[in-house]
Amino acid sequence: MAMAAMQKRTNVRLPPEVNRVLYIRNLPYKITAEEMYDIFGKYGAIRQIRVGNTPETRGTAFVVYEDIFDAKNACDHLSGFNVCNRYLVVLYYQANKAFKRVDVDKKMEELEKVKNKFGLDDDK
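Heads up: the sequence shown begins at 1 in UniProt numbering, then just goes up one per residue.
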């Protein structure tokens, strides 16, 4: 029986952004990994949960599922889920987008350094 169910699932075409790794925003700052497992573990086996613990990453987490279908199910059901009066934002992790923002910030920083070095102002 289980094999027949697995065979059926392999024919399902998932959108390209669907990923086993979910990125969660708008979490309560005091949420624990155990609480995260309680919420996200209902949707399938979890490989790893990383809760942000720096000032920049507080309120965010990564949840890595063993199975992409479990991740999709969790994303579909937990987006907008209320935890301690905060509504979760659940997204599929996209490495290229995550690092693009860092690149833009770095380029802007380098541009400012060059402007300062040559005494250039935006006003002129």
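Even for Gly, the Cβ is constructed at its ideal location relative to N, Cα and C.
None of the values given here were measured: they were computed from a predicted structure.
Check your understanding: For residue 14, which three-state DSSP category applies?
Key -> Stepping through the sequence shown from its first residue, residue 14 is reached at position 14. Note: residue 14 maps to coil in three-state DSSP.
**Study point:** Collapsed DSSP secondary structure at residue 43 in the structure displayed
**Key:** Numbered from its first residue, the sequence shown carries residue 43 at position 43. In this structure, residue 43 counts as helix in the three-state DSSP scheme.
Point to revise | Host beta strand (DSSP E) of residue 69 (start-end) | key: The sequence position of residue 69 within the sequence shown is 69, counting from 1. Careful: residue 69 lies outside any beta strand (DSSP E), inside the alpha helix (DSSP H) at 68–78.
Check your understanding: What is the C-beta distance between residue 21 and residue 33, in whole angstroms, given that I count them as a contact (C-beta under 8 Å)?
Key -> Locating residue 21 in the sequence shown gives position 21, counting from the first residue. Locating residue 33 in the sequence shown gives position 33, counting from the first residue. Rounded, the Cβ-Cβ distance is 16 Å, inconsistent with contact.
**Study point:** Any non-hydrogen atom of the ligand ATP within 8 Å of residue 34 CB
**Key:** You won't find the ligand ATP in this model; it holds no ligand whatsoever.
Point to revise | Three-way DSSP call (helix, strand, coil) for residue 120 in this model | key: The sequence position of residue 120 within the sequence shown is 120, counting from 1. Here residue 120 sits in coil by DSSP.
Check your understanding: Under the rule that 16 or more other beta-carbon atoms within 10 Å means buried, what is residue 27, buried or exposed?
Key -> Within the sequence shown, numbered from 1, the residue matching residue 27 stands at position 27. That one is buried.
**Study point:** residue 22, enclosing beta strand (DSSP E) - first and last residue
**Key:** Walking along the sequence shown from the start, residue 22 turns up at place 22. Per DSSP, residue 22 belongs to the beta strand (DSSP E) from 21–25.
Review point. What's the C-alpha gap between residue 83 and residue 71?
Key: Here residue 83 corresponds to residue number 83 of the sequence shown, with the count starting at 1. Here residue 71 corresponds to residue number 71 of the sequence shown, with the count starting at 1. Cα to Cα, the separation comes out at about 19 Å.
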